[in-house]
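Have a look at the structure below, then the notes.
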C-alpha cells in the first residue's frame, strides 16, 4: 500500500464525473427543447470507492503507481436509454464531441458476456481544468437500456455478496433473467414508434399547459386581473375536456393579450 492522499487523488475524478453528468444532461435538455427525440432517458455517475480500486488493481495486477492508466473506470457515468437503438445513437453523440477523446469502445450488446451482461462501454480521455492546469482523466461511459441496467444492478449486488464466486444455480437463473431482459428490449423496440409518438403527444400537451399557465401569470403581472381570470376559467374548462386543440388556440389568444398588455405599459411610460 502506497502512502498517497486518496482524497486528493480522487478529486480530479470527482470533477470529471460531475462535469460529464452536466454535459449529457444538458444534451438531453437541448434535444428536447429542439422538439427532437432525446435518446437519453437519464444520467448517473460515480467515482469508484477506494476499496474497489484496490481490489481491481490486485485482480488485474496493476501496480499502484500506475492505476491512473491501468484502471480506466475510476470515474464513470451511466447513460440510460429506453431502446437498444438509442444506445447506438448516444454512442454516435459521444464520438462527435470535441471536448473528449474516445480511447476505445467495448460492445457488450452484440457480444454479451457469458454471464448475460449487456451494455455498451466507451473509455474516454477527458481533460479537466484544475488549479495547477489541465489534467487528462480516463473515464468510462456506460450506455444501456433500463432493462439492462436493472439486470446489471442485481448481478452487481449478488457478485458483492458471493465475492464474485456465484453458485452455479444462481448463475443459471441470472443468465435466464438476462435473456428475459433482452427479450423485453426486443419487444419494446418492436413498438418503439407507438411509444415515442405517445410520449411526444404527452410532452406536447404538457408544454402547451405550461405555456398557458405561465402566460396567465404574465397577465396578472401586468395587472390585467379580470382578463387573466377569464382566461383561467377557459383553461379550466378545456383542461377538464382534455381539448388539446382548444388549449392551443387559447395559447395563441393569450400571446395576443400579452402583446396588448406590454404595448399598454410601453405607451403609458412614453407619455
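Residue numbers (this note's numbering): 2 to 272. Just so it is clear, CB atoms sit at the ideal spot from N, CA and C, and this is done for glycine as well.
Proximity of the stretch 69-88 to the stretch 24-41 meets the contact definition, three or more beta-carbon pairs being nearer than 8 angstroms. Cβ-Cβ distances below 6 angstroms link residue 130 to nothing in the same chain once the five nearest sequence neighbours on each side are left out. Annotated three-state conformation of residue 171 is helix, per DSSP. For residue 55, there is no enclosing beta strand (DSSP E); the residue is found in the alpha helix (DSSP H) stretching over 51-60.
Within the DSSP bridge table, the entry for residue 119 names no partner. The C-beta distance from residue 195 to residue 175 rounds to 31 angstroms, too long to fall under 8 angstroms, and the pair is not in contact. In this structure, DSSP gives residue 191 a helical state, which the three-state scheme calls helix. By the Cβ-count criterion, residue 170 is exposed, with fewer than 16 other Cβ atoms from all chains shown falling within 10 Å of its own Cβ. Nearest Cα to residue 180 within the set 25, 117, 241, 6: 117. Segment contact: the stretch 177-192 against the stretch 218-231, fewer than three CB-CB distances shorter than 8 angstroms; contact not assigned. The stretch 237-256 makes contact with the stretch 200-210, as at least three CB pairs between them are under 8 angstroms.
For residue 205, the secondary structure class from DSSP, reduced to helix, strand or coil, is helix. Taking C-beta separations shorter than 7 angstroms and ignoring five residues to either side along the sequence, residue 6 has no partners in its chain. Residues of the same chain with a CB within less than 6 angstroms of the CB of residue 71, apart from the 5 flanking positions on each side, are 63 in chain order. DSSP links residue 143 through a beta bridge to 79, 122. Here residue 63 carries a coil assignment [DSSP, helix/strand/coil]. With a 10 Å radius around the Cβ and a threshold of 16 neighbouring Cβ atoms, residue 20 comes out buried.
In this chain, the beta strand (DSSP E) harbouring residue 45 covers 43-48.
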